[in-house]
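For reference, the structure discussed in these notes is given below.
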Amino acid sequence: KALRRRRGLSVDKKAILRAVDNELARAYHALAAAEALQLTGPPNPQTPRSGPLAAEALLASALQGKIDAGVQRVFTLLGILFPEAEIELIYAGFHDASATDAARRRSNVVELLDNVLDRPLRRKLFPLIEDMSRDSRLRAAAEDFPLPDASPVEVLRTLLLDDSAWVRACAAQLAGERFDPALRKAMLDDAEHPSPVVREASLSALQKSVPLSELVRVVEKHSCDESRAVRERARTMLAALEAALPTASGSRNR
């Protein structure tokens, strides 16, 4: 709003358009990751509290959150490019759509933007905000945002390196359920991530994925973690390991 009031403000249009492209590319990559992993949607009342389906739903929610945040930033940038177009009000109509009228509101937003944006911007943005299936969105955006044809394991490994700590943590949970040796290094690295949320999730995932001796070493180290949540998780895991396998304590020094 402050930018819109400053009518004479000069902006670098090319730089803003590059920023728009970057945000859209990130959003489409998140969408493609959900498609590659065949994630069906965020948690709902029928979603189990643990296990593969719970991990899939959690990661689906995290990726959707990343997409939504990217769309919000795109609308902010468009508001700078088109200060007279009341872009923030258009975004409010899109963002506030309820489940019952989401399709109608999306249609209204597309109609409003159709009168504001030029053809290249419409072609890039509209697949992300129109009422379309996930694979249809990706096909429509493929010309402007080519996406790698990666395997599910490769996609999951990339998410374990994501710049969002929450996405990493959710990816770690799914990696524990869908473990593949190609994920091992990224999972171990995430156990040392600066974010305690990532460290805690990684410890839980490693419990299902690495040899006992290695698991005990990693978990014991984090029993003195600076984060209380990580410490408690590690100590709970150690106690369970020692109760189940009394010889586990002897493996610590191997």
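In our numbering, the protein residues as written are 2 to 255.
Virtual Cβ for every residue (Gly too), placed ideally from N, Cα, C.
Buried versus exposed, by CB contacts within 10 Å (16 or more), residue i
i      : result
Leu122 : buried
Ser152 : exposed
Glu24  : buried
Val231 : buried
Ala187 : buried
Pro197 : buried
Pro46  : exposed
Arg134 : The sequence shown places Ser at residue 134, rather than the Arg named in the question. Result: exposed.
Arg200 : buried
Asp226 : buried
Ser210 : buried
Ala1   : The structure shown does not extend to residue 1, since the chain is modelled only from 2 through 255, so no value can be given for it.
Straight-line Cα distance separating residue j from residue i
i      : j      : result
Thr41  : Ala202 : 21 Å
Arg169 : Arg107 : 30 Å
Arg79  : Ser137 : The displayed chain sequence assigns Leu, not Arg, to residue 79. Cα to Cα, the separation comes out at about 24 Å.
Tyr92  : Val220 : 45 Å
Asp181 : Glu112 : 46 Å
Thr159 : Leu38  : 12 Å
Ser228 : Val12  : 43 Å
Leu300 : Ile68  : The requested residue 300 does not occur in the structure, where the chain is confined to residues 2 to 255.
Ala1   : Gly52  : Since the first residue shown for the chain is 2 and the last is 255, residue 1 is missing from the structure and cannot be characterised.
Val154 : Ser205 : 19 Å
Arg120 : Asp164 : 31 Å
Arg124 : Phe76  : 15 Å
Ile81  : Val72  : 15 Å
Gln208 : Ala240 : 13 Å
Ala16  : Glu178 : 42 Å
Leu161 : Gly94  : 34 Å
Asp110 : Arg19  : The question names Asp, yet the displayed sequence has Val at residue 110. Cα to Cα, Val110 sits roughly 23 Å from Arg19.
Selection from the options that minimises the alpha carbon distance to residue i
i      : options                          : result
Ala35  : Pro84, Ala56, Ser11 and Ala244   : Ala56
Ala61  : Phe83, Ala33 and Phe76           : Ala33
Glu193 : Arg179, Pro212 and His223        : His223
Leu129 : Pro49, Ala58, His96 and Leu189   : His96
Gln65  : Ala28, Glu178, Gly94 and Pro49   : Ala28
Val259 : Asp102, Glu144, Ala141 and Ile88 : The question about residue 259 has no answer here: the residues shown for the chain are numbered 2 through 255.
Ala175 : Leu157, Ala183, Leu90 and Leu189 : Here residue 175 is Leu; the residue named in the question, Ala, does not match the sequence. When each option's Cα is compared against that of Leu175, the closest is Leu157.
Val21  : Asp150, Gln208 and Asp145        : Asp145
Ala58  : Pro49, Ala172, Pro43 and Arg50   : Pro43
His30  : Leu139, Glu85 and Ala86          : Leu139
task: Note down, one range per segment and in chain order, each beta strand (DSSP E) of at least 3 residues found wholly within the region 60–128.
output: When DSSP assignments are scanned along the region 60–128, no uninterrupted stretch of beta strand (DSSP E) that is 3 or more residues long falls wholly within it.
message: So within the region 183–244, which uninterrupted alpha helix (DSSP H) runs reach at least 4 residues, ignoring any that extend past its ends?
response: Contiguous alpha helix (DSSP H) elements confined to the region 183–244 occur at 185–191, 197–207 and 213–223, taking only those with 4 or more residues.
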